[in-house]
Amino acid sequence: MSNKVVTIFRFAVVGAGNTFVDFGLFFLLVALGMPYMWAQMFGYSAGVINSYIWNRAWTFRAEGAIMKQFARFLVVNLCSFTVTLLLLYVLNEIYPIFLSKLIATICGMGVSWLGSYKWVFSERMLRKDI
Numbered sequence: 001m002s003n004k005v006v007t008i009f010r011f012a013v014v015g016a017g018n019t020f021v022d023f024g025l026f027f028l029l030v031a032l033g034m035p036y037m038w039a040q041m042f043g044y045s046a047g048v049i050n051s052y053i054w055n056r057a058w059t060f061r062a063e064g065a066i067m068k069q070f071a072r073f074l075v076v077n078l079c080s081f082t083v084t085l086l087l088l089y090v091l092n093e094i095y096p097i098f099l100s101k102l103i104a105t106i107c108g109m110g111v112s113w114l115g116s117y118k119w120v121f122s123e124r125m126l127r128k129d130i
C-alpha cells in the first residue's frame, strides 16, 4: 500500500475519533440546554485538540517545529470551524440538527484534510522548519 493511502486511512481513523469526541460533547451540551452554536464551539474545540495530538504522532508522524505546526494547525482548523459553523447555521433551518451537524462535519473534514496534508504536516513544510 502506498504511503499516501496509509496516511489517508490514518487520517480517517483519527477523524472518526475526533468526530466521536465532537458529536458526543455537542449532543451532550445540547441535551443539557446549551444553544447549539455554543455547543458546536466546545465540541469542535475538543475534537481539534484530539486531532492535533493523534495526527501529529500517528497519521503524519511529524517531528520538530511543534509551535509552527500547531499554529498552522490552528489556522486550518479555524477555517474548518468557520465552514462547519456557517453550514450548521444554514442547514439547521432546512434539516434536523443531526443531519445538519453530519453534513457540516463532512465538509469541515475536507477542509481539514487539505490543510493538514498540503500545509501543516507536508514534507516540504516540515523540512523548512527543522
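Just so we're aligned, residue 1 is where the sequence shown starts under UniProt numbering, counting upward by one. Ideal placement from N, C-alpha and C gives every residue a C-beta, glycine not left out.
Exercise for the section: Return the CA-CA distance between ASN18 and SER45, expressed in angstroms with no decimal places. Expected result: 10 Å
Handout entry: MET67, DSSP secondary structure in three states
Key = helix
Problem - Residue interval of the alpha helix (DSSP H) (run including SER100) - result: 97 to 115
Problem - Three-state secondary structure assigned by DSSP to ILE94 - result: coil
Exercise for the section: Compute the Euclidean distance between the alpha carbons of GLN69 and ARG10, then round it to the nearest angstrom. Expected result: 18 Å
Exercise for the section: Rounded to whole angstroms, what's the CA-CA distance from ASP129 to CYS107? Just pull it up for me. Expected result: The predicted position of ASP129 is uncertain, since its pLDDT is 46 and thus under 50; a value taken from the coordinates is nonetheless stated next. Each residue's Cα considered, the two are about 29 Å apart.
Practice task
Name the two residues that bound the continuous alpha helix (DSSP H) containing LEU25.
Solution key: 3 to 31
Problem - Candidates ASP22, SER2, ASN3: closest to MET109 by CA position - result: ASP22
Exercise for the section: For TYR95, collect the residues of the same chain with a Cβ closer than 8 Å to its Cβ; drop the 5 residues on either side in sequence, then sort them by chain order. Expected result: ILE103
Handout entry: Own chain, CB closer than 6 Å to ILE8, minus 5 neighbours either side, in chain order
Key = none
Practice task
For THR59, I'd like the list of residues in its chain whose CB is within less than 7 Å of its CB, leaving aside the five on either flank, ordered along the chain.
Solution key: THR7, ARG10, PHE11, VAL14
Practice task
Indicate the three-state DSSP secondary structure (helix, strand or coil) for ARG61 in the structure shown.
Solution key: coil
Handout entry: CA-to-CA distance, THR84 to LEU91, given in whole angstroms
Key = 10 Å
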